[in-house]
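Number of protein chains: 2
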Amino acid sequence: MNNRLKILRAERGWSQQDLAERLEVSRQSVNAIETGRYDPSLPLAFRIADVFGMTIEDIFLRGE
Amino acid sequence: MNNRLKILRAERGWSQQDLAERLEVSRQSVNAIETGRYDPSLPLAFRIADVFGMTIEDIFLRGE
DNA sequence: CCTTTATGTCAATGTCACTTGACTTTTTCA
DNA sequence: TGAAAAAGTCAAGTGACATTGACATAAAGG
Chain G
949 MNNRLKILRA ERGWSQQDLA ERLEVSRQSV NAIETGRYDP SLPLAFRIAD VFGMTIEDIF
1009 LRGE
Chain B
949 MNNRLKILRA ERGWSQQDLA ERLEVSRQSV NAIETGRYDP SLPLAFRIAD VFGMTIEDIF
1009 LRGE
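So the protein lines, in turn, are chains G and B. Numbered by our numbering, the letters in the first sequence go through residues 949 to 1012 in order. Numbered by our numbering, the letters in the second sequence go through residues 949 to 1012 in order.
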């Protein structure tokens, strides 16, 4: 499942570590989700949406 | 994470088995998600939203 | 340069999502 | 009432999500 995390994070000038702290997950988890190694859990997807002030649908793409 | 699955399913007159087939998961998974024993994965949450023609945010509630 | 910061990735571990199969209880309806 | 369908739940297994700690490489800035 593709996502726009890397772009959104870069737009805000945040490092993976910065985002990880805002989400209360490890830096490795952020990296794994960004690089598409796995998808976040639903609760984490909601926290991600909240951090960026967007909906889950805006960040995570159905295709592939 | 609370959800409106049971209500939405009942509105359509579907059994848990019916919904499970549409989602391509087991009946036990549908039951577990409905009764709040665990949350669906993000890909499954998208399929659930698709089946009901709604967004994830419309079906799964942030609170609790 | 050279040190710091950022990123990518690995291994090992633990927990959660999801499975099949079985069983009990509740609901429906002929 | 009584059989069938639906719902709830348990156990055991598998794979995915997420962790810490470590290491390699790349990028940035002094």
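A virtual CB, placed ideally from N, CA and C, is assigned to each residue, including glycine.
Which two residues bound the contiguous alpha helix (DSSP H) that contains residue i?
i, result
"aspartate 987 of chain G", "No alpha helix (DSSP H) holds aspartate 987 of chain G; DSSP gives it neither H nor E."
"valine 978 of chain B", "975-982"
"glutamate 959 of chain B", "953-959"
"leucine 1009 of chain B", "Element bounds for leucine 1009 of chain B: n/a, residue is neither H nor E."
"glutamate 969 of chain B", "964-971"
Nearest chain B C-beta to residue i closer than 8 Å, yes or no?
i, result
"glutamate 972 of chain G", "no"
"arginine 1010 of chain G", "yes"
Compare the C-beta of residue i with all C-beta atoms of chain G and state if any pair is closer than 8 Å.
i, result
"isoleucine 1004 of chain B", "yes"
"phenylalanine 994 of chain B", "yes"
Let's test the definition: count the other Cβ atoms within 10 Å of the Cβ of residue i and tell me whether it reaches 16, buried, or not, exposed.
i, result
"leucine 990 of chain G", "buried"
"arginine 957 of chain G", "buried"
"isoleucine 981 of chain B", "buried"
"asparagine 950 of chain B", "exposed"
"isoleucine 996 of chain G", "buried"
"isoleucine 955 of chain G", "exposed"
Near-chain B residues of the region 977-991 of chain G (beta-carbon distance less than 7 Å), N- to C-terminal order
Result list: Asp987, Pro988, Ser989, Leu990, Pro991.
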